[in-house]
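Undergrad: Can you read through this structure? Questions will come right after.
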Amino acid sequence: MPDAELPRARWLHQRIEGAGAAALAALEAAVELWRVYVATWAGIVRRVARRRAHGRPRGELARQLYSIGNRSLVFIAVTLGFIGMVMTYEACLQLARVTGDFSQVGSQFLRLIISDFGPTLTGLMLATRVGAGIAAEIGSMKVTEQIDALRMSGVLPIDYLIVPRFIASLVMTLVLAVFGAVVMYTAGGLTAKYSFGVNLGLYFDASQVRARHVVLLVIKAIAFGAAIPVVAGFCGLRARGSSEGVGWATTAAVIGGSFAVIVLDFVISAAALFVTGGDL
Amino acid sequence: MTLDEPPPGVIAGIGAGALRVAQEIGGILLLTAEVVRALVAPRIDTRELWKNLYKMGNRSVPIVVLTALFAGGLMTLQTGPFVKKFGATALAGWAAGYAVLREMGPILIALMFSGRVGANNTAELSTMTVTEQLDGLRALAIDPVGFLVVPRVLAMMVTLVALTVIGDLVALLGAAVVAHAMLDIEWSTMFHSFADNLRPFDFLHGVYKSIAFGGAIAVSSCYFGVTVRGGAVGVGRAVNAAVVAAAVSIMLLDFLLTYLTG
Amino acid sequence: MTAFIEYRDVTKAFAGKPVLRGMNLAIARGEVMFIIGTSGVGKSVTIKHLIGLLRIDGGEIWFDGRRVDRLPERALAPLRKRIGMVFQSSTLFDSMTLAENVALPLRKHQRMAWTAALDEARRRLAQVYMAEHAERYPAELSDGMRKRAAIARTLALDPEVVLFDEPTTGLDPISARRIDRLIRELAGSLGVTAVVVSHDLASTFAIADRVAFLYQGVVHVVAAPGELRASPDPIVQQFITGRSSGPMETPGF
Numbered sequence: 001m002p003d004a005e006l007p008r009a010r011w012l013h014q015r016i017e018g019a020g021a022a023a024l025a026a027l028e029a030a031v032e033l034w035r036v037y038v039a040t041w042a043g044i045v046r047r048v049a050r051r052r053a054h055g056r057p058r059g060e061l062a063r064q065l066y067s068i069g070n071r072s073l074v075f076i077a078v079t080l081g082f083i084g085m086v087m088t089y090e091a092c093l094q095l096a097r098v099t100g101d102f103s104q105v106g107s108q109f110l111r112l113i114i115s116d117f118g119p120t121l122t123g124l125m126l127a128t129r130v131g132a133g134i135a136a137e138i139g140s141m142k143v144t145e146q147i148d149a150l151r152m153s154g155v156l157p158i159d160y161l162i163v164p165r166f167i168a169s170l171v172m173t174l175v176l177a178v179f180g181a182v183v184m185y186t187a188g189g190l191t192a193k194y195s196f197g198v199n200l201g202l203y204f205d206a207s208q209v210r211a212r213h214v215v216l217l218v219i220k221a222i223a224f225g226a227a228i229p230v231v232a233g234f235c236g237l238r239a240r241g242s243s244e245g246v247g248w249a250t251t252a253a254v255i256g257g258s259f260a261v262i263v264l265d266f267v268i269s270a271a272a273l274f275v276t277g278g279d280l
Numbered sequence: 281m282t283l284d285e286p287p288p289g290v291i292a293g294i295g296a297g298a299l300r301v302a303q304e305i306g307g308i309l310l311l312t313a314e315v316v317r318a319l320v321a322p323r324i325d326t327r328e329l330w331k332n333l334y335k336m337g338n339r340s341v342p343i344v345v346l347t348a349l350f351a352g353g354l355m356t357l358q359t360g361p362f363v364k365k366f367g368a369t370a371l372a373g374w375a376a377g378y379a380v381l382r383e384m385g386p387i388l389i390a391l392m393f394s395g396r397v398g399a400n401n402t403a404e405l406s407t408m409t410v411t412e413q414l415d416g417l418r419a420l421a422i423d424p425v426g427f428l429v430v431p432r433v434l435a436m437m438v439t440l441v442a443l444t445v446i447g448d449l450v451a452l453l454g455a456a457v458v459a460h461a462m463l464d465i466e467w468s469t470m471f472h473s474f475a476d477n478l479r480p481f482d483f484l485h486g487v488y489k490s491i492a493f494g495g496a497i498a499v500s501s502c503y504f505g506v507t508v509r510g511g512a513v514g515v516g517r518a519v520n521a522a523v524v525a526a527a528v529s530i531m532l533l534d535f536l537l538t539y540l541t542g
Numbered sequence: 543m544t545a546f547i548e549y550r551d552v553t554k555a556f557a558g559k560p561v562l563r564g565m566n567l568a569i570a571r572g573e574v575m576f577i578i579g580t581s582g583v584g585k586s587v588t589i590k591h592l593i594g595l596l597r598i599d600g601g602e603i604w605f606d607g608r609r610v611d612r613l614p615e616r617a618l619a620p621l622r623k624r625i626g627m628v629f630q631s632s633t634l635f636d637s638m639t640l641a642e643n644v645a646l647p648l649r650k651h652q653r654m655a656w657t658a659a660l661d662e663a664r665r666r667l668a669q670v671y672m673a674e675h676a677e678r679y680p681a682e683l684s685d686g687m688r689k690r691a692a693i694a695r696t697l698a699l700d701p702e703v704v705l706f707d708e709p710t711t712g713l714d715p716i717s718a719r720r721i722d723r724l725i726r727e728l729a730g731s732l733g734v735t736a737v738v739v740s741h742d743l744a745s746t747f748a749i750a751d752r753v754a755f756l757y758q759g760v761v762h763v764v765a766a767p768g769e770l771r772a773s774p775d776p777i778v779q780q781f782i783t784g785r786s787s788g789p790m791e792t793p794g795f
């Protein structure tokens, strides 16, 4: 027992205790999150092995594909379009200041979009839209005790709720990443042409794109597509209380998902840099 | 057991969606007008203002600092190899730094802020609305806009600006760390590159974007909070709508501001 | 003599479904008026209309000789200081202690300094026998206690009328009787006009001066509790004896 004579010592002790408790809580949450992830894969295996739709709502996968994919199209198009325009504008502005040579803009931008900005920005946008949606749905079900009702009728919540969303997210994030990249690049091209007079033939240039860039896009999209629903489902299942609990779950899913996207992006990019020996 | 309705006919769906978006934009603009009116009066509850400043700042600093570190590192990863290939290592700091200060910093920080503080704010306000606390305020002849919304909007804007300033600096640090650790670029090269090539204007450009972002995130977050309908389910939907609206506004404002201020 | 509060031919529909279909009710100053009826018949809606939390579709609402249903939101403040409302869910602010909750309207409307407002708030909480819980948060207290604190907050501005939305619903019988006594005391010693929406027949017959029975969107009958109990009307009889079958139409069953 620490000597609480000095108020300063006690304050420090409390601070350390608090930090320790927080670290333990974070560790516990991380372990739980990993468990949900593993359970999701187990659920997928079960789903594939079991041909008949036991405990699985009909057409749920299709509904999720629609919900995650089709309903995000406009959102992704708008957000990535705008930022594509901004990035091109900024880049051209700087080039005009320094070299005046726009010949590389299109080709370099395409490379960056494919290997990084496309999947990452799509991932960030989906972390907010899809992550919040999943956490909100599952969270509301948790606080209105529908999850318990599921368990009592012999259905695993993970199989029923998270697996279809997981599969749908994997597929759709990839599709949307490609879509987003196309929109971003095209929007950038229009900006380059109308604000800086860059020749479109010069801009639309795929010469700098290598196979490894496309591989990076696929890896990142799949990583983000896997992380977002798992984090969101995890937060949803942990919701407690009533409306406040749902609010918390949704908030946590958005931050958790966004942060996961940024960290995964960094890790994958760094790994790629290491593997290719410094040549991106 | 999903909450989505079955897919409607495509045209009808688009029409209905467009109407809904128009209605929301209208509502948000109306709320903005009310907030401005209250600010001008001035009808602000100062206790609530300080309470919110403390709460929001406290909550968001850790996540923003972490994000900024990674964002800075990312920018270096993207621009560094390219710059090195052309032997222009002296420009490495400029390349990464420029992207960070003007674009990636403010945008990523705003997005994280929207997730951490904006979503939370919507959740709080919508819980209050659903439990009739908002009606309770009106029944006591206390204007919810002046008491709840305005202090939160102000607090969010001020907090985001402060966070952007801090975050930008942390991101530059992150950029330098990654440059050193992974690209073998010297600390001094990076810092000199920052100092020589980045103008104060670049820094400020990012900061006044954050003022606009802060306003957009704050008003849309409050709007979806107070117009919520329907219990726990409604709260989830409100938070969802708020973060989506914030993301779109950030991108849209970024675009407008970049074009307008060059 | 015009009544203190008067509803004239009030109509209101929600999403096309009519809820109030020409409601007429006159309430005298200082009386305890209970509004009873089955669920969903429009009782809560009725009192919310009085202070403008909802807007009527047709008809008129009069208070103290002036028409109030058309007032814009900004003009409603004086009205809301004279008419207070205690909600069904107590609506205390979760982030404030009881004392802070009660002090809020005092600070806002009587321009008291914060410490002075808190002292006054504690005094008012004592009036509803809640003084020892003044520094606690709503979430820590039972429903009955929260209800009493909410009443204290509503009384902070000394309103002439207090509207109660199902004050005893969900409370245990002892707490419910305490609330009844409180309402009676308000009318008796402070001259407050109380309009109570309720499901609780025990409360109704214990403390009401008059009872308005809302049925199918109109006030089917308004009478003193004794007269109501002796009413020959079969619908009234079915409701007050709580029979599930009879001439009453209960939508949804």
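Protein chains in written order, with my numbering: chain X, 1 to 280; chain A, 281 to 542; chain E, 543 to 795. Built from N, CA and C at the ideal position, the CB exists for glycine as well.
(1) In whole angstroms, give me the CA-to-CA distance for A272/X and Y679/E.
(2) Looking at chain E, is there any beta carbon in it that lies within less than 8 Å of the beta carbon of Y334/A?
(3) Identify whether V737/E lies in helix, strand or coil by the three-state DSSP scheme.
(4) In chain X, which residues lie less than 9 Å from D415/A when you measure between Cβ atoms?
(5) Measuring alpha carbon to alpha carbon, tell me which residue in L124/X, T186/X and D148/X is nearest T173/X.
(6) Since I569/E contacts I547/E with CB under 8 Å, what's their CB separation in whole angstroms?
(7) Taking one C-beta from the stretch 607-617 of chain E and one from the stretch 695-714 of chain E each time, how about it: are there three or more such pairs within less than 8 Å?
(8) Quick check on the burial criterion: 16 or more other C-beta atoms within 10 angstroms. Buried or exposed for F781/E?
(9) Just list the beta strand (DSSP E) runs in the stretch 666-741 of chain E, keeping only unbroken ones of 3 residues or longer that don't cross its boundaries, in chain order.
(10) Helix, strand or coil for F576/E? Go by DSSP, reduced to three states.
(11) Of all the options L309/A, G297/A and L299/A, which has the alpha carbon lying nearest to the alpha carbon of C502/A?
(12) What number of angstroms, rounded off, separates the C-alpha of V163/X from the C-alpha of E145/X?
(13) Can you tell me the Cα-Cα spacing of A754/E and V737/E, whole angstroms?
(14) On the CB-based measure, 16 or more other CB atoms within 10 Å of its CB, does S72/X come out buried or exposed?
(15) Flag this pair as yes or no: are the beta carbons of R622/E and A421/A separated by less than 8 Å?
(16) Suppose contacts are defined by Cβ-Cβ distances below 8 Å. Is V261/X in contact with A227/X by that definition?
(17) Taking 8 Å as the limit between beta carbons, can you name the residues of its chain near A53/X, skipping five residues before and five after?
(18) Rounded to whole angstroms, what is the Cα-Cα separation between G360/A and A187/X?
(19) Starting from I228/X and walking both ways along the beta strand (DSSP E), at which residues does that stretch end?
(20) What does DSSP give as the partner residue(s) for F556/E in the beta ladder?
(21) Any idea if G426/A is buried or exposed, counting beta-carbon neighbours within 10 angstroms, 16 or more meaning buried?
(22) Please decide whether R129/X counts as near chain A, where near means a Cβ-Cβ distance under 8 Å.
(23) I'd like to know if the stretch 109-121 of chain X and the stretch 549-564 of chain E are in contact, where contact means that at least 3 CB-CB pairs between them fall below 8 Å.
(24) The alpha helix (DSSP H) spanning L264/X covers which residue range?
(25) From the DSSP output, in three-state form, read off I291/A for me.
(26) Apart from the five residues on each side of it in sequence, which residues of its chain come closer than 6 Å, Cβ to Cβ, to V734/E?
(27) Okay, do the stretch 743-750 of chain E and the stretch 759-771 of chain E touch, 3+ Cβ pairs below 8 Å being the bar?
(28) Quick one: grab the DSSP three-state call for V761/E.
(29) Out of H485/A, L405/A and I324/A, point me to the one whose CA is closest to D448/A's CA.
(30) How many whole angstroms separate the CB atoms of L357/A and A270/X, which I take to be in contact at a CB cut-off of 8 Å?
(31) Counting only Cβ pairs nearer than 9 Å, list the residues of chain E close to R418/A.
(32) I want to verify the contact list: residues of chain X whose CB lies under 8 Å from the CB of I343/A, in sequence order.
(33) Does the Cβ of E28/X have 16 or more other Cβ atoms within 10 Å, making it buried, or fewer, making it exposed?
(34) Near G225/X, which residues of its chain fall below 6 Å by C-beta distance, leaving aside the five closest residues on each side in sequence?
(35) Taking only beta-carbon atoms, is A421/A less than 8 Å away from chain E?
(36) Are the C-beta atoms of Y89/X and some chain A residue less than 8 Å apart?
TA: A quick look at the data gives this:
(1) 54 Å
(2) no
(3) strand
(4) Within 9 Å Cβ-Cβ: nothing; D415/A doesn't reach chain X, min ~15 Å.
(5) L124/X
(6) 4 Å
(7) no
(8) buried
(9) 703-707 and 735-740
(10) strand
(11) L309/A
(12) 20 Å
(13) 10 Å
(14) buried
(15) yes
(16) yes
(17) In this predicted model, A53/X has a pLDDT of only 49, less than 50, meaning its place in the structure is not dependable; the value taken from the coordinates is given anyway. Around A53/X: no qualifying Cβ.
(18) 25 Å
(19) Premise fails: I228/X lies in the alpha helix (DSSP H), A211 to L237, not in any beta strand (DSSP E).
(20) K559/E
(21) buried
(22) yes
(23) no
(24) S243 to V275
(25) helix
(26) V704 and L728
(27) yes
(28) strand
(29) H485/A
(30) 6 Å
(31) I593, G594, L595, E615, L618 and R622
(32) I255 and F259
(33) exposed
(34) S169, L170 and T173
(35) yes
(36) yes
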